[in-house]
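Same order as they appear, the protein sequences are chains D and B. Sequential numbering from 4 applies to the first sequence in my numbering. Sequential numbering from 4 applies to the second sequence in my numbering. Have a look at the structure below, then the notes.
2 protein chains.
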Amino acid sequence: MMVGYNPDDKIFHAVDCIIFGFNDEDLKVLLIQRDFEPEKGKWSLMGGFLKKVETLDDAAIRILNRLTGMQNIYMEQLYTFSEVNRDPVERTISTSYYAIINIEKHNEELIENYNAKWFSLSEVPNLIFDHNDMLDKAIKRLRRRTSISPIGFELLPEKFTMRQLQKLYETILDKELDKRNFINKINSMDILIKLKEKDMTSSTKGSFLFQFEKAKYDEKQTNSFYLKL
Amino acid sequence: MMVGYNPDDKIFHAVDCIIFGFNDEDLKVLLIQRDFEPEKGKWSLMGGFLKKVETLDDAAIRILNRLTGMQNIYMEQLYTFSEVNRDPVERTISTSYYAIINIEKHNEELIENYNAKWFSLSEVPNLIFDHNDMLDKAIKRLRRRTSISPIGFELLPEKFTMRQLQKLYETILDKELDKRNFINKINSMDILIKLKEKDMTSSTKGSFLFQFEKAKYDEKQTNSFYLKL
DNA sequence: TCAAAAGTGTTTATAATACACCCATGG
DNA sequence: CCATGGGTGTATTATAAACACTTTTGA
Numbered sequence: 004m005m006v007g008y009n010p011d012d013k014i015f016h017a018v019d020c021i022i023f024g025f026n027d028e029d030l031k032v033l034l035i036q037r038d039f040e041p042e043k044g045k046w047s048l049m050g051g052f053l054k055k056v057e058t059l060d061d062a063a064i065r066i067l068n069r070l071t072g073m074q075n076i077y078m079e080q081l082y083t084f085s086e087v088n089r090d091p092v093e094r095t096i097s098t099s100y101y102a103i104i105n106i107e108k109h110n111e112e113l114i115e116n117y118n119a120k121w122f123s124l125s126e127v128p129n130l131i132f133d134h135n136d137m138l139d140k141a142i143k144r145l146r147r148r149t150s151i152s153p154i155g156f157e158l159l160p161e162k163f164t165m166r167q168l169q170k171l172y173e174t175i176l177d178k179e180l181d182k183r184n185f186i187n188k189i190n191s192m193d194i195l196i197k198l199k200e201k202d203m204t205s206s207t208k209g210s211f212l213f214q215f216e217k218a219k220y221d222e223k224q225t226n227s228f229y230l231k232l
Numbered sequence: 004m005m006v007g008y009n010p011d012d013k014i015f016h017a018v019d020c021i022i023f024g025f026n027d028e029d030l031k032v033l034l035i036q037r038d039f040e041p042e043k044g045k046w047s048l049m050g051g052f053l054k055k056v057e058t059l060d061d062a063a064i065r066i067l068n069r070l071t072g073m074q075n076i077y078m079e080q081l082y083t084f085s086e087v088n089r090d091p092v093e094r095t096i097s098t099s100y101y102a103i104i105n106i107e108k109h110n111e112e113l114i115e116n117y118n119a120k121w122f123s124l125s126e127v128p129n130l131i132f133d134h135n136d137m138l139d140k141a142i143k144r145l146r147r148r149t150s151i152s153p154i155g156f157e158l159l160p161e162k163f164t165m166r167q168l169q170k171l172y173e174t175i176l177d178k179e180l181d182k183r184n185f186i187n188k189i190n191s192m193d194i195l196i197k198l199k200e201k202d203m204t205s206s207t208k209g210s211f212l213f214q215f216e217k218a219k220y221d222e223k224q225t226n227s228f229y230l231k232l
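And the structure:
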């Protein structure tokens, strides 16, 4: 036996996913009602144990997929929670990931199987363990990310109007934005293609649809946006 | 046995510390040369196993203290690394933490016991496992933090000159800064007290010493500095 | 014809950057 | 008396914020 590798120190490792969704109205988070112990009947984040031969990223993807049926979703590791008694059954550390998905695109059936439900951020109930802390951290991170890089298009349909995009930003940042300033800012980023089609559902006049130019977007993603002084 | 808690999935969990130091000259990182297996003789970050009854934060503090003798150090959790074969001996996940300390203040003796050495960032050798990745991530995070909040005073003596502070920022950001703009910016933050003493070692004229007003600093720390749009 | 949402530019304020000279002192 | 690092302020530019009216068309 190698020095330091003491089998008594082996512990469980879980992954919990904060799944954000958006539906033209509200920023929501997907929670499941547990039909298993511990804390059966209570609400929690969707999670699972890390397998012996699996990375955390893979586990997060697996867990998200199991609940939503979705693939190729933007996910990001958030933080690892390690309070000794956070899980009352066995010592378990949990790494949280957050994802942002389009609420329309998930698999309804799977969600029902898991007793899952979308909650507006203002209506989130008490969650098990430290899941409320995880959610708080995820919201903060999402806001920061949104302010500094053009994340969030995952939350919109492929073609969208400027007002939808603005609404999304306003919802994430929890703050009203000026219509003209917003458009100027987005245009200056030069990541959208203006289509000739209009969406006629929201007004009599109709509003132009935009699409998202992936190549340019990816450029922006890799650059650093802050780093001033 | 509770569903999901499969003892086969239990694994080791380690903590690795990226310890930054500064000595008027250079930003450095403290590495140890391993006199134990695996990878004996190679350089690595200082690390250790998480104990069964201990949080990650506590483990990070314990590990830092063991190597430097220091306490009450600013540390921050960075990221959790989980490649399946990152540790060739046993499946081990590692959470990295970074600390910034004053190079003068550590315990020389302890450092010698661990075959530890300070390396300039440009001279860091190949490290074991994924420790170079950890270091890269830490450097990025440190730069970002430095740009947006007045971190880094931990790296200076209690009383310091403006030029020392500027040098520190220049070193961390790897970028030259304008003397006057720097002073204006720092003054606008209103977190320093100008002392009547001068430091006479660096020039014939001498330069005023400053001290750091903790209360105001803490205020700034908790505010969010970015979040634009 | 009017209600409801879309679209569009300019002005002002704030923040970041660029820039050059005099000062004090020990050797 | 001069070499060395210390100290200081203003003008310019870039970015962010504030702000109001006209257009379209289905009901």
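The C-beta atom is built at its ideal place from N, Cα and C for all residues, glycine as well.
Neighbour-count burial assignment, residue i, 16 or more Cβ in a 10 Å radius
i	result
N226/B	With a pLDDT of only 45 at N226/B, under the threshold of 50, the placement of this residue in the model should not be trusted; the figure read from the coordinates follows. Under this definition N226/B is an exposed residue.
S99/B	buried
K130/B	It is Leu, not Lys, that sits at residue 130/B in the sequence shown. Buried, because 16 or more other Cβ atoms sit within 10 Å of the Cβ of L130/B.
K199/B	exposed
M192/D	exposed
A141/D	buried
C20/B	buried
D12/D	buried
Y77/B	exposed
F15/B	buried
P128/D	exposed
A119/D	buried
L138/D	buried
7 Å Cβ shell around residue i - same chain, five flanking residues per side excluded
i	result
L113/B	L70, T71 and G72
F215/B	F156, I194 and L195
R42/B	Per the sequence shown, residue 42/B should be read as Glu rather than Arg. Only I131 meet the Cβ criterion.
N68/B	Q74
Coarse secondary structure for residue i, derived from DSSP in three states
i	result
M192/B	helix
L159/D	coil
D202/D	strand
K231/B	Below a pLDDT of 50, predicted positions are generally treated as unreliable, and K231/B, at 30, falls in that range; the measurement from the model is reported next regardless. Reduced to three states, the DSSP call for K231/B is coil.
D61/B	helix
S47/D	strand
Y220/B	helix
N110/B	coil
T71/B	helix
N226/B	Because N226/B carries a pLDDT of 45, less than 50, the predicted location of this residue cannot be relied on, and the following value inherits that uncertainty. N226/B: coil per DSSP, three-state reduction.
L53/D	coil
I21/B	strand
N129/D	coil
I154/B	coil
F39/B	coil
L180/B	coil
CA-to-CA distance, residue j to residue i, given in whole angstroms
i	j	result
M49/D	H109/B	44 Å
V235/B	E93/D	The shown model of chain B, from 4 to 232, leaves out residue 235/B, and the question about it has no answer.
K31/D	F122/D	5 Å
G44/B	D133/B	16 Å
K201/D	R166/D	12 Å
F84/B	K170/B	33 Å
F25/D	T149/B	33 Å
M233/D	E28/D	An answer regarding residue 233/D cannot be provided, because it is not within the stretch 4 to 232 covered by chain D.
I186/B	T174/B	16 Å
E234/D	F23/B	Because chain D here runs from 4 to 232, residue 234/D falls outside it and cannot be looked at.
E179/D	L180/B	36 Å
D111/B	N88/D	Checking the sequence, you will find Glu at residue 111/B rather than Asp. Their backbone Cα atoms lie some 37 Å apart in a straight line.
P160/B	Y82/D	32 Å
D136/D	K182/D	34 Å
N59/B	S210/D	Going by the sequence as given, residue 59/B is Leu instead of Asn. Cα to Cα, L59/B sits roughly 51 Å from S210/D.
E107/D	Y101/B	40 Å
K219/D	E115/B	51 Å
V6/B	D38/D	11 Å
R3/D	S152/D	Because chain D is modelled from 4 through 232, residue 3/D falls outside the range shown and cannot be assessed.
N184/B	R146/D	30 Å
S125/D	D177/D	11 Å
Neighbourhood of residue i by C-beta distance below 8 Å, restricted to the same chain and skipping five residues each side
i	result
M4/B	The pLDDT assigned to M4/B is 48, lower than 50, so where the model puts this residue is not dependable; a value taken from the coordinates is nonetheless given after this. Once the five neighbours on either side are set aside, M4/B has no close Cβ partner at all.
A236/D	This structure gives no information on residue 236/D, because the portion of chain D shown stretches from 4 to 232.
N9/B	none
F2/D	Given a span of 4 to 232 for chain D in the structure shown, any question on residue 2/D remains unanswerable.
D221/D	none
S205/B	T164 and R166
Own chain partners of residue i with C-beta closer than 6 Å, once the 5 adjacent residues on each side are dropped
i	result
A62/D	V18 and L53
E117/D	At residue 117/D the sequence reads Tyr, which differs from the Glu that was named. Cβ within range, chain order: I35 and L70.
Practice task
Would you list, in chain order, the members of the region 78–89 of chain D that have their beta-carbon closer than 8 Å to a beta-carbon of chain B?
Solution key: Q80, Y82, T83, S85, E86 and V87
Handout entry: Against chain B: residues of the region 13–32 of chain D by CB proximity under 7 Å
Key = K13, I14, F15 and H16
Handout entry: Residues of the region 94–120 of chain B with Cβ closer than 9 Å to any Cβ of chain D, in chain order
Key = R94, T95, I96 and T98
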